[in-house]
Every structure is written in structure tokens, then in C-alpha cells.
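The next block holds one structure in the form of C-alpha cells; read it before the comments.
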Amino acid sequence: MNSAERVRTALQGERPDRVPIVEFVIDQKVWRAAMPDARDCADFMDRAGYDGVGCGATFERVEECPNGTYIDEWGVRYLPGPEAVAHPLEGPVNTLNDARAWVPPDPDAHHRLATLRDYVARYRGKRAICFHHRAAFMWSAYLMGLDNLLMNLLADPPLAEYLMDKVLEANMGVVRNAIRAGAEVVVLGDDYAHNHGPMMSPTVFDQYIAPRLNRMVDLIHDEGAFCIKHSDGNIYPILDTIMATGPDGLNPIEPVAGMTLTETRRRVGPHVCLVGNIDCGHLLCSGTTEQVHEAVRQAVADGSAGGPFMLSSSNSIHSSCNPDNLMAMVEAAQRQ
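Structure follows, in C-alpha cells:
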């Protein structure tokens, strides 16, 4: 069984020959320190022994601002920092007229999937080809501001729904194109929670967020790909609704938010693939090699009990992660 088959088997709800190893975001500083001669992140993942390689869509900077910020194709202003993901500062949408006037990025722009096409040409059939994107929520939050979107879900639902639908249509176009270009696994990265629980009530989630997530998951399956739903934070209060939309896998099951593999397995049943959850907040930054090895052993034992499991970090490999601990995690997983 090769890596692509291993990931496919796990996401079909079955057990592969060993637990697959995946990661969806690895900071360039970390993978370059771990393997200085790697061509790019996919080359690092391939040579390190990950079972999947992945990327997102390319959204270009359209304006560089004198204060060091930039505006991208979404119309969102960002402040770049040390992490792989820049911090959104403000978006162009405050009113319904703004939302109507806003023009989303063209899903069919040739540069949109340039990295994906390269990875497919290099790794199709050898490694699972993963594509990380979003459904409706997070880019709507970037366009309007997270606090404003959450308030408008209560105070002005027509505005929030109009914007989310417009975002969703654009994102569905990108995802459809990505799958047709060779993506086998789509990871939906909209975050719905913080460490203490969801950012909205279960009622609001059920009414406004879940139906749009459901549309995206259905599209992914209709196009013949697998879906992994990612959300940071403690999502237990909305987990049943998330799983009712039909994702094949759930990530990252954050320990710092009180999520455990054992409890999550109990709630989602034997067929959903759990994907996680090695602590990237402390352990992968400052833990010892022995502690990393033990965490991998425990995660494999807990995650594999009662259903399929793939090992990854509890969020991402951010710039503060120790490259030695990253390699220790991968090597320990390969020995399980």
C-alpha cells in the first residue's frame, strides 16, 4: 500500500496498513531548517515521508501599501508577519450595498491553481494530493470583520447571508476546479470556535453556517473527492451538526481546547477518520524528543481505537515549532 492508497483507505472509513501522516500548513522557516536542500514544501513532505502533499489556491497581492500592509484579490487588507498566514486587518464590506458591489476573485484565473497543478504532475499516484480551502464563513469574516459578521448574523441576517452566499459561490468554483485539476482531498479550514467553545450559538450555527458547509461538502463528494473538516477550538457543542454535513475526516481535535481523540471518536462513530492531534502549542515547540515520541504513540493508540486515524499536528506547523521535533514526530509515526 503506498501513501496515496493509505490516505484514501483511511478516508473511506477503513484501516490502512499503518497510520498515515499528513500536515496541511508547514511554515517555510521550519521545513527549510529541517531540510535545507528541499525544493519546496511538497519536496520536503515527500522526502520526509508524509503520506500527502498539499497547498491552497493562489490569491495575489493587488496593492502594496506604504504602511507595510497589502490588499489581495479578495479586497482584504493584511499585515504580514512571521507566520505563513498573514493577519487580516479590514475588508471592504460594511453594508448590503458594499456586499452587492464587491467582486469576488475569479475562480477560473489561471494562476489560481498553479501550485496545485505542479504538485499533481509531480506526486499524483504516489502521495495523496490535498487542497486546503474554505466554505463560506472565514472569508466572509475577513471581508466584514469577524465581530461584525457575528453581530450581523443576529442583527442583520440578510446582509450576512448575502455575503456568505457570494463567498460560497466563488469558493465552490475554486474547489470544483481544484478537484478537476487533480485534488483528491479537500480540507475546509473555516474555524468556528475558540478554546472555550464555538464563536456562535449552536442555533445560529445550525441556521446559517451548517447549510452552507453542507453545500460545499456535497460539491466535494459529487466531484469525487474526500472532505476533511478543520476547525480550531472546542467544537463539541456543534459537532453533531458538523458531522451531519458529511465530512469524511475531522481535524485537528485540539488538546488545548479540551478536545480528545477518545471522546471525539465516541461522538463521531467508527467510520469518520480522525486527523490530529500532536500539540503544536508547547510540545512541538519546546518538548523533548522523548515526549514527542510518547505523544505520537498515545495519539496513534487513541486515534486508531475504534476507527481510522491520520496523524498530524493539533493545528499547523507554525514558525515557533522546533524542526527537530517535527522530524521526531514524523519518524515516530512511521514506526507505529
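At the far end of the sequence shown sits residue 369, using our numbering, and the numbering has no gaps.
Glycine included, each C-beta is placed from N, C-alpha and C at the ideal position.
Subject >> alpha helix (DSSP H) runs contained entirely in the segment 231-263, provided each spans 4 or more residues >> reply: 243-255
Original post:
Got a sec, what are the start and stop residues for the alpha helix (DSSP H) residue 212 sits in?
Top reply: 190-213
Subject >> CA-to-CA distance, residue 127 to residue 285, given in whole angstroms >> reply: 32 angstroms
Original post:
Taking the C-alpha atoms as reference points, what is the distance between residue 165 and residue 130?
Top reply: 30 angstroms
Subject >> N-terminal and C-terminal residue of the beta strand (DSSP E) that residue 310 is part of >> reply: Looking at the DSSP string, the run of the beta strand (DSSP E) that includes residue 310 is 306-311.
Subject >> Own chain, CB closer than 8 angstroms to residue 279, minus 5 neighbours either side, in chain order >> reply: 247, 250, 251, 254, 260
**OP:** With DSSP as the reference, label residue 50 as helix, strand or coil.
**Re:** coil
**OP:** State yes or no: is the C-beta of residue 91 within less than 8 angstroms of the C-beta of residue 147?
**Re:** yes
Original post:
Considering only C-alpha positions, which residue in the set 276, 47, 229, 67 is nearest to residue 239?
Top reply: 276
Original post:
Is residue 258 near residue 308, with beta carbons less than 8 angstroms apart?
Top reply: no
Original post:
Would you call the CB atoms of residue 215 and residue 149 closer than 8 angstroms?
Top reply: Yes. Within cutoff.
Subject >> Reference residue 49, options 38, 205, 132, 55, closest by Cα >> reply: Each of 38, 205, 132, 55 was checked against the Cα of residue 49, and the nearest Cα belongs to 38.
Subject >> Stretch-stretch touch, CB-based, cutoff 8 angstroms, three pairs: the segment 349-359 with the segment 305-322 >> reply: yes
Subject >> Closest Cα partner of residue 226 within the set 74, 211, 270, 207 >> reply: 270
**OP:** Compare the C-alpha of residue 370 against each of 159, 243, 179, 368 and name the closest.
**Re:** Since the displayed the chain opens at 34 and closes at 369, residue 370 lies outside it and no answer follows.
Original post:
How would you call residue 388, buried or exposed, if buried means at least 16 neighbouring beta carbons within 10 angstroms?
Top reply: For the chain, the structure presents residues 34 to 369; residue 388 sits outside this window and is missing.
**OP:** Write down every uninterrupted run of the alpha helix (DSSP H) in the segment 105-137 whose length is 4 residues or greater and which is fully enclosed by it, in chain order.
**Re:** 129-134
Original post:
Looking at C-alpha atoms only, which residue of 283, 287, 169 is the closest neighbour of residue 229?
Top reply: 287
Original post:
Distance, Cα to Cα, residue 134 vs residue 61?
Top reply: 36 angstroms
Subject >> Limits of the beta strand (DSSP E) - the one that residue 89 falls within >> reply: 85-89
Original post:
Counting along the chain, where does the beta strand (DSSP E) carrying residue 95 start and finish?
Top reply: Residue 95 -> beta strand (DSSP E) spans 94-97.
Original post:
Helix, strand or coil: which one does DSSP assign to residue 342?
Top reply: Three-state DSSP puts residue 342 in a strand.
Original post:
Given a threshold of 16 other Cβ atoms within 10 Å of its Cβ, counted over all protein chains shown, does residue 176 qualify as buried or as exposed?
Top reply: buried
**OP:** Please confirm whether residue 108 and residue 124 have their CB atoms less than 8 angstroms apart.
**Re:** yes
Subject >> Reduced DSSP secondary structure (H/G/I, E/B, other) of residue 354 >> reply: coil
**OP:** List the whole-angstrom C-beta distance separating residue 157 from residue 75, where the pair is believed to meet the contact cut-off of C-beta under 8 angstroms.
**Re:** At roughly 12 angstroms, the Cβ-Cβ gap does not stay under 8 angstroms, so residue 157 and residue 75 are not in contact.
Subject >> Three-way DSSP call (helix, strand, coil) for residue 219 in this model >> reply: strand
**OP:** Spatial neighbours of residue 42 within its chain, please: CB distance less than 6 angstroms, with the 5 preceding and 5 following residues excluded, ordered by chain position.
**Re:** 49
Original post:
If you follow the beta strand (DSSP E) that residue 43 is part of, which residue opens it and which one closes it?
Top reply: Annotation for residue 43: no beta strand (DSSP E) segment contains it, though the alpha helix (DSSP H) segment containing it runs 36-44.
Original post:
Would you say residue 333 and residue 369 are within 8 angstroms of each other, going by their C-beta atoms?
Top reply: yes
Original post:
Does the beta-carbon of residue 95 have 16 or more other beta-carbons within 10 angstroms, so that it is buried, or is it exposed?
Top reply: Flag for residue 95 reads exposed.
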